[in-house]
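In this note's numbering, the protein residues as written are 301 to 629.
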């Protein structure tokens, strides 16, 4: 969680300077690239129609299909995960945006609506459904008493309204999305919230995955850096808190497999956050996620190692965490 104060007509802008062939190029994270794929966050997308094959094509493809079935049955009989399941019906969606990673060592997909989906961290496995606890959220307060808080993603149909449960459905899912635009140009993307949820605050989230020349190993990691730029056009200063939440999960129902743990992390240069140690089931290797932010003279960072994201429990719940932040913001 990062907290910052943004003054009247103020702007938090971090310019990155890249030098190549003696040419210095300044990149403004507030401004998306000129040629990008764009969608409004309230865009429901289009239904994807699966293609069909005619009889001639079926006859031509039959030998390949039978061979795939043979290898699938053989792998299952030997207790191995099949490289490809010809009988699985894959989910189709038109909401995918730029993923985290994706060159070589797996990726974590991200929707243009802001949530994370399509987990491909292990060979032969793809968990398509989103984990809606993985979100950016914002809390804004002004001296005149105005307060705003919202998840930076429109409410999903999987998040019921009016629920009294202490899970993530208790958060403020108040973003409409009609004033927010997603821009994509791999390996970068920008989400511009122009007056949502605070009509006098423009928020730009820039996502970039490493794409490093002559460094295939680190370029293939399923990671990303998110930078936020805030522009206050109001007549009063604004105290802003950014929240990033991440479930200890590799997709699907893996958060329920047990024996997971989280711990605080602190390294040099003011960077600290949380490590999420995941004991992967089904004989897959364990993984550790890291979420972190850098503390500066203008930005204070705090962390909450764990909270319960769903269900009733005698523990620190998602509702408790959300309400605690609203009290201090």
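Heads up, the beta-carbon is just placed ideally off N, CA and C, and yes, glycines get one too. Note that the coordinates shown come from a computational prediction; the quantities given were computed from them, not determined experimentally.
Once you ignore the five residues that flank residue 369 on each side, which residues in its own chain have a CB closer than 7 Å to its CB?
-> Walking along the chain shown from the start, residue 369 turns up at place 69. For residue 369, where only same-chain residues beyond five positions count, the Cβ hits under 7 Å are 386.
Under 7 Å Cβ to Cβ from residue 285, same chain only, skipping five residues before and after it: list those, please.
-> Lying outside 301 to 629, the shown extent of the chain, residue 285 is not represented and no answer is given.
What did DSSP end up calling residue 619 once you bin it into helix, strand or coil?
-> Here the question's residue 619 lines up with position 319 in the chain shown. Of the three classes helix, strand and coil, the one that applies to residue 619 here is helix, per DSSP.
Do residue 587 and residue 600 have their CB atoms nearer than 9 Å?
-> Locating residue 587 in the chain shown gives position 287, where the first residue counts as 1. Locating residue 600 in the chain shown gives position 300, where the first residue counts as 1. Going by C-beta atoms, residue 587 is not nearer than 9 Å to residue 600.
Could you tell me the distance, in whole angstroms, from the CA atom of residue 462 to the CA atom of residue 392?
-> Numbered from its first residue, the chain shown carries residue 462 at position 162. Numbered from its first residue, the chain shown carries residue 392 at position 92. Those two C-alpha atoms are separated by around 29 Å.
Please decide whether residue 376 counts as near chain B, where near means a Cβ-Cβ distance under 9 Å.
-> Structure shown: chain B not included; a single protein chain is present.
Verify whether the separation of the beta carbon atoms of residue 545 and residue 437 is less than 9 Å.
-> For the purposes of this step, residue 545 is identified with residue 245 of the chain shown, where counting begins at 1. For the purposes of this step, residue 437 is identified with residue 137 of the chain shown, where counting begins at 1. Yes, the pair counts as a contact, with Cβ atoms nearer than the cut-off.
How long is the line joining the alpha carbons of residue 395 and residue 375, rounded to whole angstroms?
-> Reading the chain shown from its first residue, position 95 is the one you call residue 395. Reading the chain shown from its first residue, position 75 is the one you call residue 375. About 33 Å.
Where do the N-terminal and C-terminal ends of the alpha helix (DSSP H) with residue 374 fall, by residue?
-> If you number the chain shown from 1, residue 374 lands on position 74. Unbroken alpha helix (DSSP H) run through residue 374: 355 to 377.
Please go through the same chain and pick out, in chain order, the residues whose beta-carbon is closer than 7 Å to the beta-carbon of residue 573, but skip the five residues on each side of it.
-> What you label residue 573 is simply residue 273 of the chain shown in a count that begins at 1. Closer than 7 Å at the Cβ level, and outside the excluded window around residue 573, lie 565, 590, 591, 592, 593, 603.
Length of the line joining the Cα atoms of residue 520 and residue 507 | Within the chain shown, numbered from 1, the residue matching residue 520 stands at position 220. Within the chain shown, numbered from 1, the residue matching residue 507 stands at position 207. Approximately 16 Å between the Cα atoms of the pair.
Name the DSSP bridge partner or partners of residue 565?
-> Mapped onto the chain shown, residue 565 falls at position 265. According to DSSP, residue 565 bridges with 573.
Taking the Cβ atom as the reference point for each residue, do residue 341 and residue 542 lie within a distance shorter than 9 Å?
-> Within the chain shown, numbered from 1, the residue matching residue 341 stands at position 41. Within the chain shown, numbered from 1, the residue matching residue 542 stands at position 242. In this structure, residue 542 does not lie closer than 9 Å to residue 341 by Cβ.
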